[in-house]
Each structure stands twice: as C-alpha cells, then as structure tokens.
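Worksheet: one structure, shown below.
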Amino acid sequence: MALKTDAVGKEWPASTYQVGREKIREYANALGIDNPVHLDVEAARAAGFRDVVAPPMFAVVYSSPAMAPAMFDPEVAMNFAAMVHGGQEFEWGEPACSGDEITTTARCLSIEEKDGKGFYVFETNAVNQDGAQVARGTWTLIVRGV
Amino acid sequence: MADLNVGDAVPELRVTPDKYLPHRYAGASGDFNPIHIDEEFAKMVGLPRTILHGLYGMGLTAKANAALADGDPRALKRLKVQFRGMGFPEQEIVVSGTVKSVEGDRVAVDTVAKQGDTELIKNAEAELEL
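So this is what it looks like as structure tokens:
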C-alpha cells in the first residue's frame with residue numbers, strides 16, 4: 022500500500038505553554054536532576070537566570086502539545102498501533118525559565134517508506150514571549166508494516 | 305572546567321529507575337501512553353511488561369552530558385538520538401560517552417544508554433558549549 026504523503030509541508034496551529042516552577046521541579050525530580058537552578062529561585066537568579074530554569078529536555082513538555090494535532094491529523098493517517106518513536110533531535114537556544122510563555126508550531130517535514138516501514142518526520146519550532154527561539158525539535162515516528 | 309580532549313570519557317551515569325518511575329515520568333512529561341504505565345495493556349500488545357519512555361532515556365542522556373558543564377543547562381546546544389531497544393523499570397541504565405571533537409568551546413560527544421547488553425539509545429550526538 023502506498024503511503025499517504027499529502028501532509029508533507031503542512032503546518033498546524035501553534036500552541037502556547039506557560040512554564041511553571043512546580044512543573045520544572047516535577048520534571049527534574051523524575052530525571053533525578055538536582056542542580057538547584059532547576060529547583061530554587063534564588064539559586065537560579067544567582068546563576069543569571071530570570072527564574073527557575075528548565076533542564077534542556079523539558080523541551081518535550083512544552084513542545085509536545087503542538088505535536089498532538091499533527092499526529093492525530095487524518096491527513097497524516099498514522100497507524101498508532103504500529104507506531105514507535107524512532108528518533109529525536111533538539112537544538113536549544115534561549116533557556117526556558119518559569120514564567121515564560123512558549124509558543125510551538127509543528128510542521129511535517131517528510132513521509133517516506135523504507136523497508137516496509139513508514140518514516141514520519143515532524144519539526145517543532147518553539148519561541149518564547151520575546152520571539153527568541155528556545156528549541157527546535159525533529160521528531161521521527163516509525164510505523165511498521167505500511 | 306578541565307580541558308577536554310578527543311577520546312576523553314564522559315562521567316558515567318548509572319540509574320536504576322524504580323517500578324513507579326514510568327508513572328512519575330508520565331506525569332512530568334504528559335505522556336500517558338498505557339504501554340508505559342499499565343502492565344495488562346502492555347502484555348496485551350505483546351510486550352513482556354511495561355516499558356520505559358524513550359524520552360526518559362534521552363533525558364538521562366542529556367543529564368549525563370550536562371555533567372561536563374557541572375549541570376549548567378545552558379551548555380547543551382544539540383542532542384540527537386536514535387531509540388533502539390526497550391528499557392524496563394527496576395534494571396540499571398548506564399549512560400556513557402566519549403568526546404568526539406573539540407573546536408574552541410564547542411565539544412561533540414558520542415553517547416550511548418544501555419541496560420545490560422541492550423542499547424536503549426544508540427549513537428547519540430551531543431554538542432555542548434563549555
């Protein structure tokens with residue numbers, strides 16, 4: 022069966038995420054990250070941050086909401102039962118701090134068939150309230166048996 | 305920060321996620337896919353038991369690399385990973401890495417996350433500014 026590729030190039034409406042101290046703490050705790058810049062506002066400010074700063078991989082927390090409409094779009098038509106997360110890349114710019122409002126846009130970069138598998142590649146671009154880029158993500162989702 | 309040279313090892317990170325870690329990571333990340341938190345569901349779809357989130361392993365990979373900058377979250381500029389084998393709770397994860405290149409203050413590190421002989425994350429490329 023030929024893979025549906027109509028969604029290549031499609032961009033979905035942006036989603037905005039408000040970064041909060043307790044959410045950063047929850048993420049840092051799950052990962053066992055104990056640098057006080059993630060947990061304590063005074064330590065964060067002393068290190069030159071506006072407020073408690075998120076660990077880099079917190080990017081998944083603020084970027085994922087933008088990925089949901091892309092993944093569930095009928096035009097993308099992914100078979101979730103056979104899907105695995107194959108690869109992930111992030112490039113970071115400005116650190117994300119508590120109080121930031123981060124707006125993320127998702128776009129479909131490519132849909133290709135290789136060895137009977139569908140490779141769906143999406144890009145997310147996250148910018149903060151000042152328009153500075155916070156993180157650019159590349160998400161590779163693989164669907165077996167297309 | 306000590307001078308880094310090509311071939312230097314990144315401090316090894318060893319973590320044994322407890323039985324409930326996937327629940328905490330699900331809450332922290334918002335990814336409640338039942339294959340990570342529901343034993344019955346995981347078995348129904350052919351998995352031996354609940355599996356760890358791939359992005360949890362990537363988070364540990366980022367943490368291991370940040371150690372090169374004493375945990376400074378500004379240091380990591382790029383991280384690219386491929387998810388390979390399935391990871392399980394209650395088994396030790398070892399993240400290790402080797403410095404691949406040093407150009408001025410830019411350092412590239414090859415990282416791998418393993419559980420026993422299973423590679424959870426392979427050929428992770430990290431770029432840091434130190």
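The listed protein sequences correspond, in order, to chains H and E.
Under our numbering, the first residue of the first sequence carries the number 22, and numbering increases by one thereafter.
Under our numbering, the first residue of the second sequence carries the number 305, and numbering increases by one thereafter.
Glycine included, every Cβ here is placed at the ideal spot set by N, Cα and C.
Classify M362 of chain E as buried or exposed, calling it buried when 16 or more other Cβ atoms lie within 10 Å of its own Cβ.
Burial call: buried.
Do A75 of chain H and T125 of chain H count as a contact pair if the criterion is CB distance below 8 Å?
no
Would you mind working out which of H:F111, H:P90 and H:S119 sits nearest C129 of chain H, comparing C-alpha positions?
H:P90
Per-residue contacts from Q386 of chain E into chain H (C-beta, under 8 Å):
G107 and G108
Going by beta carbon distance, what residues of the same chain come within less than 6 Å of A127 of chain H, once the five residues before and after it are set aside?
Contacts found: W33, A87, M88, A91, F143 and T145.
Is any beta-carbon of chain E found at less than 8 Å from that of S119 of chain H?
no
Among H:I132, H:G158 and H:D121, nearest to F70 of chain H - alpha-carbon criterion
When only C-alpha atoms are compared, the closest one is H:D121.
Flag this pair as yes or no: are the beta carbons of K381 of chain E and E115 of chain H separated by less than 8 Å?
If you check the CB distance, K381 of chain E and E115 of chain H do not come in under 8 Å.
Starting from Y83 of chain H, trace the alpha helix (DSSP H) both ways and give me its first and last residue.
Note, Y83 of chain H: alpha helix (DSSP H), A80 to M92.
Do K404 of chain E and A417 of chain E have their beta-carbon atoms positioned less than 8 Å apart in this structure?
no
For M104 of chain H, which three-state DSSP category applies?
strand
Name, please, each residue of chain H whose Cβ falls closer than 8 Å to the Cβ of S333 of chain E.
Y48, A51, V81, V82 and S85
Simplified DSSP state of L52 of chain H, which is helix, strand or coil
helix
Look at the alpha carbon of D312 of chain E and the alpha carbon of M99 of chain H, and state the distance between them as a whole number of angstroms.
Straight-line spacing of the CA atoms in D312 of chain E and M99 of chain H works out to 42 Å.
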